[in-house]
Structures are given as C-alpha cells and as structure tokens.
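Enquirer: Chains as they are written, first to last, in numbering that gives the first Met the number 0: chain A, 0 to 136; chain B, 0 to 136; chain C, 0 to 136.
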Amino acid sequence: MSAEKPADIAIIVRSDRPESVYPAFILATTASAMGMRVEMFFTFWGLKAIVKGGADEIEKGFYEELRKRGMEPKGIPRLQDLISIARNSENFKIYACSTTIEAMGISNDSIIEGCPIVGAASFLARHGRGGTKILIF
Amino acid sequence: MSAEKPADIAIIVRSDRPESVYPAFILATTASAMGMRVEMFFTFWGLKAIVKGGADEIEKGFYEELRKRGMEPKGIPRLQDLISIARNSENFKIYACSTTIEAMGISNDSIIEGCPIVGAASFLARHGRGGTKILIF
Amino acid sequence: MSAEKPADIAIIVRSDRPESVYPAFILATTASAMGMRVEMFFTFWGLKAIVKGGADEIEKGFYEELRKRGMEPKGIPRLQDLISIARNSENFKIYACSTTIEAMGISNDSIIEGCPIVGAASFLARHGRGGTKILIF
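1. Label A/D55 either buried or exposed according to how many other C-beta atoms from any shown protein chain fall within 10 Å of its C-beta, with 16 as the threshold for buried.
2. Quick one: list the residues of chain C neighbouring B/Y29, beta-carbon separation under 7 Å, in chain order.
3. Residues of chain E with CB closer than 9 Å to the CB of C/Y94, please, in chain order.
4. For the candidate residues B/T28, B/I110, B/M70, whose alpha-carbon lies nearest to that of B/R36?
5. Whether or not the region 7-14 of chain B and the region 55-73 of chain B are in contact is what I'm after, with contact meaning three or more pairs of Cβ atoms, one per stretch, closer than 8 Å; do they touch?
6. Is C/S97 close to chain B, meaning its C-beta is less than 8 Å from at least one C-beta of that chain?
7. Which residue's Cα is closest to the Cα of C/D15: C/L134, C/G129, C/L65, C/G60?
8. Verify whether the separation of the beta carbon atoms of A/F136 and A/A23 is less than 8 Å.
9. Report the rounded CA-to-CA distance for A/E71 versus B/G113, giving the unit in angstroms.
10. Any C-beta of chain C within less than 8 Å: which residues of the region 99-119 of chain B qualify?
11. Check whether the Cβ of B/M39 lies closer than 8 Å to any Cβ atom in chain C.
12. Starting from the Cα of C/L81, find the closest Cα among C/A30, C/L134, C/I133, C/V117 and give me that residue.
13. Which residues of chain C have a Cβ atom closer than 8 Å to the Cβ of B/E18, listed in chain order?
14. In this structure, how does DSSP classify A/I82 when only helix, strand and coil are distinguished?
15. Drop a sphere of 10 angstroms on the beta-carbon of C/S1, count the other beta-carbons inside from all chains shown, and report buried for 16 or more, exposed for fewer.
16. Here's the rule: buried if 16 or more other CB atoms are within 10 angstroms of the residue's CB, otherwise exposed. What is C/E63?
17. Taking the straight line between their C-alpha atoms, what separation do you get for B/I11 and B/N87?
18. If you run the structure through DSSP and keep just helix, strand and coil, what is A/I135?
19. Just tell me which of C/L134, C/V117, C/I93, C/R128 has its CA closest to the CA of C/E101.
20. Taking 8 Å as the CB-CB cut-off, is B/Y62 touching chain C?
21. Does C/I8 come out as helix, strand or coil in the three-state DSSP assignment?
22. Determine the DSSP secondary structure at B/R59, reduced to helix, strand or coil.
23. So with Cβ pairs under 8 Å, would you call C/L78 a contact of chain A?
24. My output table needs one value for B/K92: the three-state DSSP class, helix, strand or coil.
25. Assuming C/T131 and C/L46 form a contact by the criterion Cβ under 8 Å, report the distance between their Cβ atoms to the nearest whole angstrom.
26. Please work out which residues of its chain come closer than 8 Å, Cβ to Cβ, to B/K77, disregarding the five sequence neighbours upstream and downstream, and give them in chain order.
27. I'd like the span of the alpha helix (DSSP H) that includes A/V20, first residue to last.
28. In the DSSP assignment, find the beta strand (DSSP E) that holds A/E38 and state where it starts and stops.
29. Since I believe C/V50 is in contact with C/S109 (beta carbons under 8 Å), could you give me their beta-carbon distance rounded to a whole number of angstroms?
30. Would you please verify whether the beta carbon of B/E206 is less than 8 Å from any beta carbon of chain C?
31. Can you give the Cα-Cα distance for B/Q79 and B/I111, rounded to whole angstroms?
32. Taking only three categories from DSSP, how would you classify C/I110?
33. Can you find a C-beta in chain B that's less than 8 Å from the C-beta of A/S1?
34. Between A/I8 and chain C, is there a C-beta pair that is closer than 8 Å?
35. Based on Cα-Cα distance, which residue from B/E89, B/R66, B/G104 lies nearest to A/L65?
36. Got a sec: is the Cβ-Cβ distance from B/L26 to anything in chain C below 8 Å?
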C-alpha cells in the first residue's frame, strides 16, 4: 500500500438506495475511464451492492420506484455492467467494510470476488490526509 | 471552461429529500455570499429541484414531514428564494445532468432557465482533480 | 478560531437515518484515534443525534431496521458510546446548527452539553477553503 500512488477519488457507499449506488458507480467508472485512480468502499446497507445477487435487487427496486414516479426507464446502464466495468478497470479498487460484515453477520463468501475486506482505519490511512477527494454516497 | 478559475465548492444533489436539497442550497448560497465560487450539479431524483414546479413540491413535502415530526416550520427560507439567490449570484453555476434527463425521459424544456445540461465527464473534467471540494448531497 | 490548526476532516450530518449517523461517528472517532483533527456539524434531521435522548431513538430504529432486513445486531458499538468517545477526544469538536435550531423550534437546552451552536457561515469560514476534507452524511 505504501508504495502505491494515492487515489484521486475515494467513494464510500453506505446506502443501498438507487440514488446512492447508481450515481456512485457512474461517477466512479467515468472518472476511471478518464484516467483517474478510483477506490470504492462499501459499508452499512451499501454493502448490498457487492453482495452476490444484491445488485439485481437494487436494480429491481430502482425500476419500481421509477415507475411509481411515473417514469419509464430508458437506456439506463445495467448495474451489473457498471460493476463489471469497475472491477475490470485498471487503477480501480473495490473494498468491503469489515465492521459491517461482522456486525450484520454477513459471510465473507457472499461478497463478490476480488473485493478485499478492510476496516475504516485502513480507509483513513490511505485517504484521510493528502489530496484524495472523499465522496460519501 | 479552460480559462475559468476553478470552483471552490462543487455540490452534487442526487436526491429530492429535503435533507439533501435544503442544506445543499443553504451551504451553496452562504459560500457564494462569502465570495467562494460554487457550482451545483443536479442528478438522479435531485434533478427535481430544478424542474419547473419541482421546488414547490419538495417544499410541500418538507413542511408535511416537519409537522409529522411534531415541529412547526418557523422562518425557514423559501426554497424558491434560495434557488433565485443562487441563480442571480456571480460565480455561481447550476448544471443539470444529461444522463438523468435521458434515462428518466425528462424534456429539456421542463428544466428552469439558465441551467446548462452536461454529463458526469464534464463535471469530473472540471472538479475531479485540483483543489475543488466535491460535496455529495 | 483563527489561531487554531485547521481540521483534517469536517463532517456534516444532516440526516437521522442510521446509515448517516453510524458511519459518520465510526469514521470520525477512528480518524480522531489516528491523530487527525475532526469536527462534526449536526444540521437538519441530523441534529437529533445530539439532542438529549435522540441517540437512543436512532439506535432503536436501527435495530428494528436490521431485524426487518433479517439481520441480528452483533457487536455493534452503542451510539451513546461513540458519541462519548467523540466528546472526550482531544482535537475533536461537535457543533450544532443554529439555523436548524431556530427553524425547527428546538430549545438550546435540549442539545447535549459541550456542543457550541454555530451557523453555516462559521462552518464555511473554517473549512470552505484550505485542505480540510468536507464529508456529507
């Protein structure tokens, strides 16, 4: 960790609401495509986005809410695709919050592959000081 | 864009909940009054705040919620007034998110005047690096 | 104020939802334990966390929501304890938002001791410019 370049943007996702998960991934994947270093840290209810099966549930809820608001989803990127783009991008890292996993009794196996499990101290050691922008979704 | 001074604060509003829209505008207009350069970017449900008629709906919902919590609104600035202050301030810009407008089938005409429609890449090109503070509401 | 060192992290809590209050306090107390200077500013519904009796209500609501989601709380730090840690930490300050207190008709006495009441301008004067990271929960 110490030898790595710091991230440009570090995003904390702590809600499973669509207005947290979608804008976070759209901003993150866009930033990554523009050459920025991005890290995402999933905590609290937000962890659901990287639990197996969770993204589809979030997407379903989003489409229901859209229709309840009288809108018809049109050309919205699939959440699964956004997550795949993120996972396959260079200079992109996804972390799961260890405290949430313990406190909510989530098994480590239920997290999608390739997401190291770390705590708040690890996040802050990397991003608390210096130039990284921390965004809370 | 390239010749402009960077913003001090760039605010993303992605929810139409009162605890997103009101604090965002109060912080933004206060910062602007103190001489800071401010940009606001409305995306996802937050776009409602700059759709014609949207601010009044948000305000109505806020007052209902206040009363449900046993509080009586008192001396709260009108949301319309906060938006007017923002629009009439120098060094203040309001943007609407192009992706949301397409995905939710919102017509460009329904956005209040003077709010250019741009995408996440444009936002990140201006604020992703450098000293601008990005705040997510 | 002018002679003080600037904070490393300034956190605005504007919601009383558990996914706002808990992650904010966990991040803040962890940062403080790591030697960072932390300030928290409670506004809008978030003020409830520092109103006497409010933390217990938030905790009760959180446990109910956990069970409704089919999870059993396990080893979760007590919110009261997190708040006590924050209040007893050096280089840690908690502020209550004056605008919210007036607008929602909250009496100054109902705020827990040791939390000065200030406005958005005071917050921005300290953190709007310079290197402090502003996080919105």
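Positions of the beta carbon are idealized from the N, C-alpha and C atoms, including for glycine.
Expert: Well, looking at it:
1. By 1-based counting over the first sequence, the position of residue 55 of chain A is 56. Looking at its Cβ environment, which holds fewer than 16 other Cβ atoms inside 10 Å, A/D55 is exposed.
2. The residue you call residue 29 of chain B lines up with position 30 of the second sequence. The displayed chain sequence assigns Thr, not Tyr, to residue 29 of chain B. Ordered by position in chain C, the residues that pass the 7 Å Cβ test against B/T29 are A119, A120, L123.
3. Of the protein chains in this structure, namely A, B and C, none is chain E.
4. On the second sequence, residue 36 of chain B is found 37 positions in, with the first residue counted as 1. In this structure, B/T28 is the residue among B/T28, B/I110, B/M70 with its C-alpha nearest to the C-alpha of B/R36.
5. As far as the Cβ criterion goes, the region 55-73 of chain B does not touch the region 7-14 of chain B, which means the pair count is below three.
6. As a first step, residue 97 of chain C must be located in the third sequence, where it is residue number 98. No - not a single Cβ of chain B is within 8 Å of the one on C/S97.
7. Along the third sequence, one-based indexing puts residue 15 of chain C at 16. The residue with the shortest Cα to Cα distance from C/D15 is C/G60.
8. Taking the first residue of the first sequence as 1, we reach residue 136 of chain A at position 137. Taking the first residue of the first sequence as 1, we reach residue 23 of chain A at position 24. Yes, the Cβ-Cβ distance between A/F136 and A/A23 is below 8 Å.
9. Taking the first residue of the first sequence as 1, we reach residue 71 of chain A at position 72. Taking the first residue of the second sequence as 1, we reach residue 113 of chain B at position 114. Rounded to whole angstroms, A/E71 to B/G113 spans 26 Å at the Cα level.
10. none
11. Mapped onto the second sequence, residue 39 of chain B falls at position 40. Answer no: the Cβ-Cβ gap between B/M39 and chain C never drops below 8 Å.
12. On the third sequence, position 82 is the one that residue 81 of chain C refers to. Distances from the alpha-carbon of C/L81 to those of C/A30, C/L134, C/I133, C/V117 put C/A30 closest.
13. The residue given as residue 18 of chain B occupies position 19 in the second sequence. Under the 8 Å cutoff, chain C gives R13, S14, F43, W44, G45.
14. Translated into the one-based positions of the first sequence, residue 82 of chain A becomes position 83. Assignment of A/I82 by DSSP, reduced to helix, strand and coil, places it in the helix class.
15. Taking the third sequence and counting its residues from 1, the one referred to as residue 1 of chain C is at position 2. With a pLDDT of 46 at C/S1, under the threshold of 50, the predicted position of this residue should be treated as unreliable, though the coordinate-derived value follows. By the 10 Å Cβ count, C/S1 comes out exposed.
16. Numbered from 1 along the third sequence, position 64 holds the residue referred to as residue 63 of chain C. C/E63 is exposed by the Cβ-count criterion.
17. Here residue 11 of chain B is taken as the residue at index 12 of the second sequence, counted from 1. Here residue 87 of chain B is taken as the residue at index 88 of the second sequence, counted from 1. Each residue's alpha carbon lies about 19 Å from the other.
18. Walking along the first sequence from the start, residue 135 of chain A turns up at place 136. Reduced to three states, the DSSP call for A/I135 is strand.
19. If you number the third sequence from 1, residue 101 of chain C lands on position 102. It is C/V117.
20. The residue labelled residue 62 of chain B in the question sits at position 63 within the second sequence. No, no contact with chain C.
21. Here the question's residue 8 of chain C lines up with position 9 in the third sequence. C/I8 falls in the strand class under three-state DSSP.
22. Against the second sequence, residue 59 of chain B aligns to sequence position 60. It should be noted that the sequence gives Lys, not Arg, for residue 59 of chain B. Looking at B/K59 - three-state DSSP - the assignment turns out to be helix.
23. For the purposes of this step, residue 78 of chain C is taken as residue 79 along the third sequence, with counting starting at 1. So, not an interface residue.
24. Position 93 of the second sequence holds residue 92 of chain B. Looking at B/K92 - three-state DSSP - the assignment turns out to be strand.
25. Position 132 of the third sequence, counting from 1, holds the residue named residue 131 of chain C. Position 47 of the third sequence, counting from 1, holds the residue named residue 46 of chain C. No, C/T131 and C/L46 are not in contact; Cβ-Cβ is about 21 Å, not under 8 Å.
26. Position 78 of the second sequence, counted from the start, is the residue given in the question as residue 77 of chain B. Before going further, note that residue 77 of chain B is Arg rather than Lys in the sequence given. Closer than 8 Å at the Cβ level, and outside the excluded window around B/R77, lie E58.
27. If you number the first sequence from 1, residue 20 of chain A lands on position 21. First-last of the alpha helix (DSSP H) with A/V20: 17-32.
28. In the first sequence, the residue the question calls residue 38 of chain A occupies position 39. Run containing A/E38: 37-41, per the beta strand (DSSP E) assignment.
29. Taking the first residue of the third sequence as 1, we reach residue 109 of chain C at position 110. Taking the first residue of the third sequence as 1, we reach residue 50 of chain C at position 51. The pair is a contact, with the Cβ atoms about 5 Å apart (cut-off 8 Å).
30. Residue coverage of chain B in this structure runs from 0 to 136, which leaves residue 206 of chain B outside it and unanswerable.
31. Here residue 79 of chain B is taken as the residue at index 80 of the second sequence, counted from 1. Here residue 111 of chain B is taken as the residue at index 112 of the second sequence, counted from 1. Take the alpha-carbon of B/Q79 and the one of B/I111: they are about 11 Å apart.
32. The residue you call residue 110 of chain C lines up with position 111 of the third sequence. Under the three-state reduction of DSSP, C/I110 is assigned to strand.
33. Taking the first sequence and counting its residues from 1, one reaches residue 1 of chain A at position 2. Bear in mind that a pLDDT of 46 at A/S1, under 50, signals an unreliable position, so the model cannot answer this.
34. Your numbering for residue 8 of chain A matches position 9 in the first sequence. Answer no: the Cβ-Cβ gap between A/I8 and chain C never drops below 8 Å.
35. Counting from one through the first sequence, the residue named residue 65 of chain A turns up at place 66. That would be B/G104, whose Cα lies nearest to the Cα of A/L65.
36. Taking the second sequence and counting its residues from 1, the one referred to as residue 26 of chain B is at position 27. So, interface residue.
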